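A.B. asks:
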Amino acid sequence: MSWVIANQNGRDGSGRLMLLDTASLYFRAFFGVPEITAPDGTPVNAVRGLLDMIARLVGEYHPTDLVCCWDEDWRPAWRVALLPSYKAHRVVAARPAAVDIEDVPDPLETQIPIILEVLAAFGIAVIGAPEAEADDVMGTLATDAGQPVDVVTGDRDLFQLVDDAAEVRVLYIGRGVSKHERVDNAWVRAKYGVDAHQYADFAALKGDPSDGLPGVAGVGEKTAATLINRFGDITGVLAAAGDPESDLAPGPRGKIKAALDYLAVAPEVVAVRRDLEIERSGIACPRTPADPEAVMELAQRYNLESPSARLVQALMR
């Protein structure tokens, strides 16, 4: 196997930042790619799938900057303090002085260090932050980025980052990378009946069992969208519920009042942080591997020759 040094020209000169929700991608790769192993028996299907996903996305969108955003803390203590049910169903073991252990299949857990090794060899930036989820890293890097941003994720909570004016969109991989959808404000409005900047409050009202968010009992998507459209946000909904002169019907008024404690904290839990202290340098999308010899060695050791070659070709374009 050999790596050809690419011509540094050939892009249109305009900047575009691609932010990858790395865990979202490698979980999908693990469950979507048939089992395959390295010569020593190590499972590598998630690694291979992730490399192919990155190659496909880079080949289609040609980002000038690329970041694999990382969960340094998948269940931050500050979110749990506000809402103890937050992701509680995914906890295998609670660790008061450290990050809780998440329920991750052993064959996938084995591959995560390999993923980090391979990304480093390619020179693809991996960025996390203390006490922060990858969502918060993406929110921070997408805010005031100074260029168009593509947020690649299968997590609907990140629809709140969509901002047509700032050219921030989500490439939603809910049906897979090959069938990803380009999410702008019109898409969110058509799908959920709210604008993207209202999505976090909408999600808090309706709840999300996958994140341990109970929502307001008896309030589903339709009612949540109606309330957000009528009153603007959760603050407006709470004001209407507390105002006997408002035209909020008795049914939803009672449901909102019954959930006051939850609604006092849920918006902060659901909202993606945008203010982390993150170094934005060193995120240029590599045109060739940073360490070609390391890429070749890892490819041979872990049976990654084909996906590594495909990623090299995608980066060169």
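Residue numbers (this note's numbering): 212 to 528. All C-beta atoms in this analysis are idealised placements derived from N, C-alpha and C, irrespective of residue type, glycine included. Just so you know, these numbers come straight off a predicted model, no measurement behind them.
1) Which residue from Gly350, Glu328, Val244 and Arg259 puts its Cα closest to that of Leu231?
2) Can you give me the start and stop residues for the beta strand (DSSP E) that Val523 sits inside?
3) Any idea what DSSP makes of Glu392, helix, strand or coil?
4) Hey, how far is the Cα of Val512 from the Cα of Ala401?
5) Would you kindly check if the distance between the Cβ of Ser296 and the Cβ of Pro425 is under 8 Å?
6) Go ahead and pull the three-state DSSP assignment for Val255.
7) Counting along the chain, where does the alpha helix (DSSP H) carrying Ile323 start and finish?
8) Any idea what DSSP makes of Leu319, helix, strand or coil?
9) Please identify the residue among Pro324, Gly226, Val329 and Val302 whose C-alpha is closest to the C-alpha of Val315.
10) Could you work out which residue in Leu515, Ala505 and Ala525 is closest to Ile247 when comparing CA atoms only?
11) What are the boundary residues of the alpha helix (DSSP H) that includes Val448?
12) From Arg528, Ile265 and Leu330, pick the residue whose C-alpha is nearest to that of Leu236; which is it?
13) Just the Cα atoms here: how many angstroms apart are Pro341 and Ser457?
14) Whose CA, out of Asp347, Phe241 and Leu277, lies closest to the CA of Trp285?
15) Among Glu432, Asp263, Lys417 and Lys390, which has the Cα closest to the Cα of Leu474?
16) Pick helix, strand or coil for Thr499, following the three-state DSSP scheme.
17) Let me know the secondary structure DSSP gives Arg380 once reduced to three states.
18) Keeping to the same chain, check which residues put their C-beta closer than 6 Å to that of Glu531; ignore five residues upstream and five downstream.
19) Hey, is the segment 440-449 in contact with the segment 502-509, meaning 3+ C-beta pairs nearer than 8 Å?
20) Can you tell me the Cβ-Cβ gap for Ala428 and Phe413, rounded? I've got them flagged as a contact below 8 Å.
21) Quick one: what does DSSP say Asp276 is sitting in, helix, strand or coil?
22) Are the segment 330-341 and the segment 479-489 touching by the rule of at least three beta carbon pairs closer than 8 Å?
23) Using a threshold of 8 Å, state whether the C-beta atoms of Leu352 and Val269 are closer than that.
24) Report the CB separation of Val329 from Val258 in whole angstroms; it is logged as a contact under 8 Å.
25) Under the three-state reduction of DSSP, which class applies to Ala353: helix, strand or coil?
26) Based on DSSP bridge pairs, tell me the residues matched to Ile338.
27) With respect to the alpha helix (DSSP H) encompassing Thr434, which residues constitute its N-terminal and C-terminal limits?
28) If you reduce the DSSP assignment to three classes, tell me which class Val373 lands in.
29) Bridge partners of Asp406, per DSSP?
30) Hey, Ala407 and Gln358: beta-carbon distance below 8 Å or not?
C.D. replies: In terms of the structure at hand:
1) Gly350
2) Where Val523 is concerned, there is no enclosing beta strand (DSSP E), although the alpha helix (DSSP H) it sits in stretches over Glu516 to Met527.
3) strand
4) The sequence given here places Arg at residue 512; Val does not occur at that position. If I take the Cα positions, the gap works out to 47 Å.
5) yes
6) coil
7) Ile323 to Phe333
8) helix
9) Val302
10) Leu515
11) Ile445 to Gly453
12) Ile265
13) 43 Å
14) Asp347
15) Lys417
16) coil
17) strand
18) With the chain covering 212 to 528 only, the question about residue 531 has no answer from this structure.
19) no
20) Contact flag wrong, Cβ pair sits at about 16 Å.
21) strand
22) yes
23) no
24) 6 Å
25) helix
26) Cys280
27) Glu432 to Phe442
28) coil
29) According to DSSP, Asp406 bridges with nothing at all.
30) no
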